[in-house]
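Let me begin by presenting the structure, written as structure tokens, before commenting on it.
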Amino acid sequence: GKNGYRHYMEKELHEHPIVIGQTLRRFVDPSSHKIILPHMPFDLSTLKRGIITACGSAFYAGLIGRYWLEEYARLPIDIDVASEMRYRNPPVESQGMGLVISQSGETADTLAALRNLKNEHQKIVSILNNEFSTIARESDVVLGTDAGVEIAVASTKAFTAQLTVLSCLTLVIAREKNKITPENKKVCLTALMDLPSRVAEVLQMKDKIQEIAHKIANAQSVIYLGRGIMYPVAMEGALKLKEISYIHADAYAAGEMKHGPIALIDQTVPVIAVVPSGFLFEKTLSNLQEAKARGGHIIAFTDAKGAEALSTIAEQIIILPTVHAFVAPILYTVPVQMLAYEAAILKGTDVDQPRNLAKSVTVE
Ligand code: M6R
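Read left to right, the sequence shown gives residues 244 to 607 (the UniProt record's numbering).
The following block contains the structure:
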């Protein structure tokens, strides 16, 4: 049942802390704090490339994984949505890592892209919530996300579980390739272990999120902005809003606004910025200033330090716990998913079963 929550989606949102913790316990040895993965079909220390494919939210998890793997493990990554990847025929060196991400493990396009990658002699590592699925059977290694059954069509906890696995995979490859110092690895791992508590704090911010939901519920269109690793978080926010509230939303890399999308901005278009302090904060800030100068109504998700700098630019600021940059995309996902949920409540839509959508897309 829904355990007293209004919808399965709300119940599943509240499972974020437990699911992140469970998934971490699966891969992190409690005494040595060493990340232990199942046996990999290649030598991680000499691995040269990765190619990632998935659909929908799982694809956004993959985009975040790309930033992590490139930044921390210095592993070159190619990535595309499975419906494109399966017809793209990219040149791939054999013995690379084909990384496939799927909650259900049954998505038709993802499965087809996996088969193509296998034909190109990639070893398939899949990140799956259903370890008894078709994709699981066809993979060389399965990294399980311990998210439990996800019933709402809009994915929530499975997404943060995918990110948790990707963060562990990144740290292991970074370690094997000698691209991260033991100290830095420890800092990242500590931040991950601390995440369930930080996420639980965010889940307490329902009233504040409801206030924001009121600001966007009557909009025709909402723009989400982020830069770097927060750009896919903006995409996740926009997709969730579209799926369950039926409000048009799009995500842009904030620096790309001036190349076109800024023409959309006026007082009627809420601009939601996903912008923790730190790397790229100043850059995003000036992009927001440009939007504000065109009458844009700025709503910012940031931390205490970011809030100070945003106080004259944003009309609403949601101050999230301050966390290490490594785990910020996981933390910031939670309030954007909550916002979509609260907006959908105001719209009175069928939140768990939105129109035209299926939980698992088993046809092309
Ligand atoms: O089962 P999968 O993870 O392969 O599903 C992929 C997408 O269909 C899925 O993430 C979809 O985008 C969700 N409805 C997003 O909330």
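Glycine included, each C-beta is placed from N, C-alpha and C at the ideal position.
| Does the beta-carbon distance from Ile459 to Ile508 come in below 8 Å? | Not in contact: Ile459 and Ile508 (Cβ atoms no closer than 8 Å).
- Using a threshold of 8 Å, state whether the C-beta atoms of Ala494 and Gly469 are closer than that. In this structure, the beta-carbon distance from Ala494 to Gly469 falls below 8 Å.
Ala316 versus Glu419 - alpha carbon distance: Ala316 and Glu419: Cα-Cα distance of roughly 9 Å.
- Item | Contacts around Leu484, its chain only, beta-carbon distance under 7 Å, and the 5 residues preceding and following it disregarded | Close CB contacts of Leu484 within its chain, under the 7 Å cut and outside five residues either way in sequence, are with Val465, Ile490, Ala492, Ala583 and Ala586 (chain order).
- What's the call for Asp595, buried or exposed, on a 16-neighbour Cβ count within 10 Å? If you draw a 10 Å sphere on the C-beta of Asp595, you find 16 or more other C-beta atoms in it, and that means buried.
Sequence-distant residues of the same chain with beta carbon closer than 7 Å to Ser488, five excluded per side = Excluding its 5 nearest sequence neighbours in each direction, Ser488 has C-beta neighbours in its own chain below 7 Å: Ala583, Ala586, Ala587, Lys590 and Thr592, listed in chain order.
*Pick out the complete alpha helix (DSSP H) segments inside the UniProt domain "SIS" (455-597), 4 residues or longer, and give them in chain order.*
Scanning the UniProt domain "SIS" (455-597) for uninterrupted alpha helix (DSSP H) segments of 4 residues or longer gives 474-488, 524-536, 547-553 and 571-590, listed from N- to C-terminal end.
Between Thr399 and Met252, which are expected to be in contact by the criterion C-beta below 8 Å, what is the C-beta distance as a whole number of angstroms? Cβ atoms of Thr399 and Met252 come within 8 Å of each other, at about 6 Å.
message = Check whether the stretch 346-362 and the stretch 282-301 touch, using three or more Cβ-Cβ pairs below 8 Å as the test.
response = The stretch 346-362, when compared against the stretch 282-301, does touch it at the 8 Å Cβ threshold.
Looking at C-alpha atoms only, which residue of Leu528, Gln532, His567 and Gly538 is the closest neighbour of Gly549?
-> Checking every option, the nearest Cα to that of Gly549 belongs to Leu528.
Self-check item: Whether Pro564 touches Glu444 by CB criterion (8 Å)
Solution: Taking 8 Å as the Cβ cut-off, Pro564 and Glu444 qualify as a contacting pair.
Judging by CA-CA distance, which residue of Leu318, Gly244, Glu336 and Leu357 is the nearest neighbour of Val324?
When C-alpha distances from Val324 are compared across Leu318, Gly244, Glu336 and Leu357, the shortest belongs to Leu357.
Q) Do you know how far the Cα of Ser275 is from the Cα of Glu486? A) Cα to Cα, the separation comes out at about 42 Å.
Please report the distance separating the alpha-carbon of residue 609 from that of Pro475. The shown model of the chain, from 244 to 607, leaves out residue 609, and the question about it has no answer.
Review point. What are the residues that DSSP puts in a beta bridge with Leu342?
Key: Paired residues: Ile295 and Val368.
Practice item. May I ask whether a heavy atom of the ligand M6R can be found less than 7 Å away from the beta carbon of Ser382? Key: Every heavy atom of the ligand M6R is 7 Å or more from the Cβ of Ser382, so no.
*State the Cα-Cα distance for the pair Phe524 and Pro597, rounded to the nearest angstrom.*
Their backbone Cα atoms lie some 35 Å apart in a straight line.
_For Ala434 and Val566, what's the separation of their Cα atoms in angstroms?_
Just so you know, the alpha carbons of Ala434 and Val566 end up roughly 7 Å apart.
- Query: Can you tell which of Glu454, Ala496, His457 and Asn461 has its C-alpha closest to the C-alpha of Tyr467?
  - Reply: Ranked by Cα distance from Tyr467, the first of Glu454, Ala496, His457 and Asn461 is Ala496.
Classify Ser376: buried if its beta carbon has 16 or more other beta carbons within 10 angstroms, exposed otherwise.
That one is buried.
- Task: Please classify His250: is it buried, with 16 or more other beta-carbons within 10 angstroms of its beta-carbon, or exposed?
- Result: With a threshold of 16 other beta carbon atoms within 10 Å, His250 meets it and is buried.
| Count the other CB atoms within 10 Å of the CB of Arg309; is the residue buried (16 or more) or exposed (fewer)? | By the 10 Å Cβ count, Arg309 comes out buried.
Is residue 237 buried or exposed, if buried means 16 or more other CB atoms sit within 10 Å of its CB?
Residue 237 cannot be examined here, being either before or after the span of the chain that is shown, 244 to 607.
Please say whether Gly341 and Leu360 have beta carbons closer to each other than 8 Å? Yes, these two residues count as a Cβ contact at 8 Å.
- Are the CB atoms of Ile378 and Ser345 nearer to each other than 8 Å? Yes. Within cutoff.
Checklist line | Limits of the unbroken alpha helix (DSSP H) element including Val392 | finding: Careful: Val392 lies outside any alpha helix (DSSP H) and carries neither H nor E.
**OP:** Evaluate contact between the stretch 386-399 and the stretch 407-416, counting only Cβ atoms and requiring at least three cross-stretch pairs below 8 Å.
**Re:** They touch, by the three-pair rule.
Who are the near neighbours of Leu287 in its chain, counting only those whose CB is closer than 8 Å to its CB and skipping five residues on each side?
Here the set comprises Val415, Ile416, Glu419 and Lys420.
**Study point:** Leu600: first and last residue of the uninterrupted beta strand (DSSP E) it sits in
**Key:** In the DSSP assignment, Leu600 falls outside any beta strand (DSSP E), carrying neither H nor E.
Leaving out five residues before and five after Tyr248 in sequence, what residues of the same chain have Cβ atoms less than 8 Å from its Cβ?
Once the five neighbours on either side are set aside, the close Cβ partners of Tyr248 are Lys254 and His257.
When you compare only the Cα positions, how much space is there between His364 and Gly293? The alpha-carbon atoms of His364 and Gly293 are separated by roughly 12 Å.
- DSSP state of Asp323, grouped into three classes? Looking at Asp323 - three-state DSSP - the assignment turns out to be strand.
For this session: Please state whether DSSP places Ile279 in a helix, a strand or coil.
Result: Ile279: coil per DSSP, three-state reduction.
### Query
What's the C-alpha gap between Ala401 and Ala390?
Going from the Cα of Ala401 to the Cα of Ala390 covers about 5 Å.
**Asked** Roughly how many angstroms separate the alpha carbons of Ile573 and Asn332, rounded to a whole number?
**Response** So the two alpha carbons sit approximately 32 Å from each other.
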